[in-house]
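Quick note on numbering: my numbering labels position 117 of the sequence shown as 687, and the sequence is numbered without any gaps.
The beta carbon of each residue, even a glycine, is placed where N, CA and C say it ideally should be.
These numbers were taken from a predicted model, which means no experiment stands behind them.
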Amino acid sequence: MSSAPATFDDEFAARFNELLRWRRDVRHFDCRAVTEEDMRAMLASASFAPSVGNAQPWRFVRLRSPGIRDALAAHVEEQNAHAAEHYAGQERYEHYQSLKLHGLRDAPELMAVFCDEHPQAGYGLGIATMPEMLRYSCVLAIHNLWLAARLRGIGLGWVSILDPSTVKAMLDVPVHWSLIALLCIGYPVEECDTPELERCGWQPREPWSDRVFER
571 MSSAPATFDD EFAARFNELL RWRRDVRHFD CRAVTEEDMR AMLASASFAP SVGNAQPWRF
631 VRLRSPGIRD ALAAHVEEQN AHAAEHYAGQ ERYEHYQSLK LHGLRDAPEL MAVFCDEHPQ
691 AGYGLGIATM PEMLRYSCVL AIHNLWLAAR LRGIGLGWVS ILDPSTVKAM LDVPVHWSLI
751 ALLCIGYPVE ECDTPELERC GWQPREPWSD RVFER
């Protein structure tokens, strides 16, 4: 028996757009802990994401060990030094060096998100021609988690300057899992509805209409 469809009024739509605008990639965290109740609620929200074949391929690994935290931070900082070489001799080199690109040493919660490339759930539906849909499903789950965090005043930072195979080996996960994201979670030191990279002068937001095409 189906339930009555939910209705969302103009006030809800306006607040939803506000939530989207205030969803920021956070790199600066204060020392407040995130409660277990909030973590569980955010993970439950992530599980409402759509997934190909209803396979639910996301695998969330909460990183509790100080040793793992230190190893991840050292690895990302090493990779960041290599990434900076891409800008050597360019005007942006010093600018890049001034950016804080992760909160691995100060965020109260760290989480790695993996995709199970061979999930039992879903029976392979929808991935015969586009197996990458499993990974896209995981990205949607992360976005749900991000919004659920933001509405609680909690920030999330997605760390991408890393070698996935190295991180995967550090965390000792099954061979058929692929790394999708390394996330820093906690309360931001300050809040702003403008992306940090825009505030720092790295890259402004461009008109959304420039990204829409017709054929």
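Local Cβ density within 10 Å of residue i, reported as buried at 16 or more and exposed below that
i	result
Cys770	exposed
Gly756	buried
Leu669	exposed
Ala584	exposed
Met609	buried
Glu679	buried
Met700	exposed
Pro786	Here the chain has residues from 571 to 785 only, and residue 786 is not among them.
Ser621	buried
Ala718	buried
Ala658	exposed
Ala698	exposed
Ala739	exposed
Ala751	buried
Host alpha helix (DSSP H) of residue i (start-end)
i	result
Leu704	Met703 to Arg720
Arg591	Asp580 to Trp592
Val646	Pro636 to Ala654
Val737	Pro734 to Leu741
Tyr693	Tyr693 -> no alpha helix (DSSP H), and no H or E assigned at all.
Ser668	Arg662 to Ser668
Any C-beta of chain B under 8 Å from that of residue i
i	result
Tyr657	Of the protein chains in the structure, only one exists, and it is not chain B.
CB contact flag (residue i, residue j, <8 Å)
i	j	result
Trp728	Leu753	yes
Trp772	His688	no
Arg597	Gly673	yes
Gly637	Tyr693	no
Ser707	Ala625	yes
Phe586	Gly725	no
Val604	Met681	no
Arg591	Asp763	yes
Pro774	Glu768	yes
Ala653	Gln667	no
Asp595	Pro765	yes
Whole-number beta carbon distance between residue j and residue i, since they are thought to touch under 8 Å
i	j	result
Ile731	Leu671	6 Å
Leu721	Leu589	6 Å
Pick from the options that is closest to residue i, judged by C-alpha positions
i	options	result
Asp640	Leu589, His656, Phe684 and Val737	Val737
Arg629	Leu741, Val683 and Asp742	Val683
His645	Pro744, Asp733 and Arg632	Asp733
Ala677	Ala643, Glu648, Gln690 and Glu776	Ala643
Cys685	Ile724, Phe582 and His746	His746
Pro758	Asp742, Glu776, Pro620 and Gly723	Gly723
Pro627	Glu581, Met740, Gln649 and Leu749	Leu749
Ala619	Glu760, Met703 and Pro765	Met703
Arg602	Glu760, Ser779 and Pro765	Glu760
Near the ligand FAD: residue i beta-carbon under 7 Å from a heavy atom
i	result
Arg585	No copy of the ligand FAD occurs in the structure displayed, which carries no ligand at all.
Run of the beta strand (DSSP E) containing residue i, from where it starts to where it stops
i	result
Arg597	Careful: Arg597 lies outside any beta strand (DSSP E) and carries neither H nor E.
Glu679	Glu679 to Asp686
Leu753	Trp747 to Gly756
Val729	Gly725 to Val729
Arg632	Trp628 to Leu633
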